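Keeping their order, the protein sequence lines are chains G and U. The first sequence finishes on residue 356 if you use my numbering, and the numbering steps up by one all the way, no holes. The second sequence finishes on residue 297 if you use my numbering, and the numbering steps up by one all the way, no holes.
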Amino acid sequence: MTIHLEHYLLVGAVLFAIGLYLALGKRNFVGVLMGIEMMFNAVNLTFISFSRFVESPNPLSGHVFVVFVITVSAAEAATALALAVLVYRVRETIDVDRIDLLKW
Amino acid sequence: MDDTGTVIAFWILSAITVGAALMVAATRNLIHAVVFLIVSFVGVAGLYITLSADFIAVTQVLIYVGAVSILFLFAIVLTPRAGRQNDETFLRLPALVLALLVGATLGFVAIDTDWSIAKRAGFGETASVIGEALLDKYVLPFEIASVLLLVAMLGAIILVRPEGVGGDGDS
Chain G
253 MTIHLEHYLL VGAVLFAIGL YLALGKRNFV GVLMGIEMMF NAVNLTFISF SRFVESPNPL
313 SGHVFVVFVI TVSAAEAATA LALAVLVYRV RETIDVDRID LLKW
Chain U
127 MDDTGTVIAF WILSAITVGA ALMVAATRNL IHAVVFLIVS FVGVAGLYIT LSADFIAVTQ
187 VLIYVGAVSI LFLFAIVLTP RAGRQNDETF LRLPALVLAL LVGATLGFVA IDTDWSIAKR
247 AGFGETASVI GEALLDKYVL PFEIASVLLL VAMLGAIILV RPEGVGGDGD S
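Put into structure tokens, the structure is as follows:
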């Protein structure tokens, strides 16, 4: 029993699917953001596993890309959570069902 | 990757990661969901170590486990009357179907493709190579990322600043 690339890709696919379900289905805005971060993690895992298993002239460019993805996702999380706090101040809720000012 | 230790570590870490991710979706309490999310992040960091990505694993622990999950906790604590419920919207069933379809498609592609070309030896230590790449070939994205972090930090501060505190009070 050896571990190949497809094992890691399967873990990444399952993580991505769970994150997608969280991002689409959760009622609380923080839960939605958790799903988005989980999808970032799944994609990063896929990057790292391709970088580990596939021969390439720039062997560590996958790692560098993951560093940038982590940077952008941290910035995204900070801004989005600030927005959540701001919406809470105005509307007293961060329930995505009840943030419906733009709905007809 | 043939040695028994790596194989066992992979299966245990995968089970921890996926199980914790499922618990994030299943638990009813938002604080518990954040805790399970932290467990999932740690599991992914362990998977990075089995992929001989030591620098990325440490970065994952520092950024995700240390910073992002604390941000989530702060956001939950700062919105007290919004409730701690972690339940789903009325879109639960379509979301479940779509997630299952996407997961099945990705999994099918991962299994069906012939990955026989994808076998190479693991890396040694990666930090110095990543550092050289960041300051040599990828120096422009590196600088842009620093500006992005600055903008995000300033934006977050300005957004959540209480009215009238600092500045000219017109926010």
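The C-beta atom is built at its ideal place from N, Cα and C for all residues, glycine as well. Note that the structure is predicted; figures quoted are calculated from it, not measured.
Taking the alpha-carbon of residue i as reference, which of the options has the nearest alpha-carbon?
i, options, result
"L262 (chain G)", "U:V286, U:T143 and U:E251", "U:T143"
"V187 (chain U)", "U:F198, U:F234 and U:Y174", "U:Y174"
"V235 (chain U)", "G:F320, G:H315, G:T345 and G:G264", "G:G264"
"V228 (chain U)", "G:V266, G:T254, G:L257 and G:E258", "G:V266"
"H259 (chain G)", "U:I256, U:I237 and U:A259", "U:I237"
"L199 (chain U)", "U:V255, U:L163 and U:V168", "U:L163"
"L260 (chain U)", "G:A334, G:I346, G:K355 and G:N310", "G:N310"
"D251 (chain G)", "G:I255, G:A334, G:R279 and G:A294", "This structure cannot speak to residue 251 (chain G), because chain G is shown only from 253 to 356."
"R343 (chain G)", "G:N296, G:T254, G:F281 and G:M253", "G:F281"
"V161 (chain U)", "U:L197, U:L232 and U:L266", "U:L197"
"I256 (chain U)", "G:V295, G:S303, G:I255 and G:T254", "G:S303"
"A334 (chain G)", "U:A152, U:V194, U:Q211 and U:P220", "U:V194"
"A253 (chain U)", "U:A230, U:W137, U:T132 and U:A183", "U:A183"
"T345 (chain G)", "U:V165, U:L222 and U:Q211", "U:Q211"
To which residues does DSSP link residue i through a beta bridge?
i, result
"N280 (chain G)", "G:D347"
"Q94 (chain U)", "Missing from the structure shown is residue 94 (chain U); chain U here goes from 127 to 297 and no further."
Please check the pair residue i and residue j, which I expect to be a contact at CB under 8 Å, by giving their CB distance rounded to whole angstroms.
i, j, result
"L276 (chain G)", "L156 (chain U)", "Not really, about 17 Å apart at Cβ, beyond 8 Å."
"T185 (chain U)", "V319 (chain G)", "7 Å"
"W241 (chain U)", "L312 (chain G)", "Rounded, the Cβ-Cβ distance is 20 Å, inconsistent with contact."
"P314 (chain G)", "F292 (chain G)", "Checking the displayed sequence, the identity of residue 314 (chain G) turns out to be Gly instead of Pro. The Cβ separation is near 15 Å, so there is no contact."
"A159 (chain U)", "T153 (chain U)", "5 Å"
"N296 (chain G)", "I255 (chain G)", "Not really, about 18 Å apart at Cβ, beyond 8 Å."
"V191 (chain U)", "F167 (chain U)", "5 Å"
"T331 (chain G)", "A282 (chain U)", "6 Å"
"V348 (chain G)", "T215 (chain U)", "7 Å"
Interface positions of the segment 152 to 165 of chain U facing chain G (Cβ-Cβ less than 8 Å), listed along the chain: Listed by position along the chain: L156, A159, V160 and L163.
Do three or more CB pairs link the segment 287 to 296 of chain G to the segment 334 to 349 of chain G at distances below 8 Å? Fewer than three Cβ pairs drawn from the segment 287 to 296 of chain G and the segment 334 to 349 of chain G lie within less than 8 Å of each other, which leaves the two stretches out of contact.
Can you confirm whether the segment 237 to 246 of chain U touches the segment 267 to 275 of chain G when touching is taken to mean that 3 or more C-beta pairs between the two stretches lie within less than 8 Å? With fewer than three CB-CB distances shorter than 8 Å, the segment 267 to 275 of chain G does not count as touching the segment 237 to 246 of chain U.
At a Cβ cut of 7 Å, what residues of the segment 287 to 298 of chain G count as close to chain U, listed as they run along the chain? Contact annotation: in the segment 287 to 298 of chain G, residues whose CB is within less than 7 Å of a CB in chain U are E289, M290, N293 and L297.
At least three beta-carbon pairs within less than 8 Å, the segment 171 to 181 of chain U to the segment 197 to 207 of chain U: The segment 171 to 181 of chain U vs the segment 197 to 207 of chain U: no contact.
Below 8 Å, can you find three or more Cβ-Cβ pairs linking the segment 134 to 148 of chain U to the segment 158 to 173 of chain U? Taking one beta carbon from each stretch, the segment 134 to 148 of chain U and the segment 158 to 173 of chain U have 3 or more pairs nearer than 8 Å; the two touch.
Should the segment 326 to 333 of chain G be regarded as contacting the segment 261 to 278 of chain U, the criterion being three or more beta carbon pairs within less than 8 Å? Yes, the segment 326 to 333 of chain G touches the segment 261 to 278 of chain U.
According to a CB-to-CB cut-off of less than 9 Å, which residues of the segment 256 to 278 of chain G neighbour chain U? From the segment 256 to 278 of chain G, only H256, L257, E258, H259, Y260, L261, L262, V263, G264, A265, V266, L267, F268, A269, I270, G271, L272, Y273, L274, A275, L276, G277 and K278 have a Cβ closer than 9 Å to chain U.
What are the residues of the segment 326 to 353 of chain G that lie near chain U, defined by any Cβ-Cβ distance shorter than 8 Å? Within the segment 326 to 353 of chain G, the qualifying residues are A326, A327, E328, A329, A330, T331, L333, A334, L335, A336, V337, L338, Y340, E344, T345, I346, D347, V348 and D349.
Along the segment 272 to 287 of chain U, what residues have a CB closer than 9 Å to any CB found in chain G? Along the segment 272 to 287 of chain U, going in chain order, the ones with a CB nearer than 9 Å to a CB of chain G are S272, L274, L275, V277, A278, M279, G281, A282, I283, I284, L285 and V286.
Which residues, in chain order, does the segment 173 to 200 of chain U contribute to contact with chain G at a C-beta distance below 8 Å? Flagged, chain order: L173, Y174, T176, L177, S178, A179, F181, I182, T185, Q186, I189, Y190, A193, V194, L197, F198 and F200.
Below 8 Å between beta carbons is the criterion; list the residues of the segment 198 to 217 of chain U that meet it against any residue of chain G, in chain order. Here the close residues are F198, F200, A201, I202, L204, T205, R207, A208, G209, Q211, N212, D213, E214, T215, F216 and L217.
Please list, in chain order, the residues of the segment 244 to 255 of chain U that have any C-beta partner in chain G closer than 9 Å. For the segment 244 to 255 of chain U, the residues whose beta carbon sits under 9 Å from a beta carbon of chain G are, in order, A244, K245, R246, G248, F249, T252 and V255.
Mind checking the segment 131 to 155 of chain U against chain G and listing, in chain order, the residues whose C-beta falls within less than 7 Å of any C-beta there? So the list reads T132, V133, F136, S140, T143, V144, A147, L148, V150 and A151, given in the order they occur along the chain.
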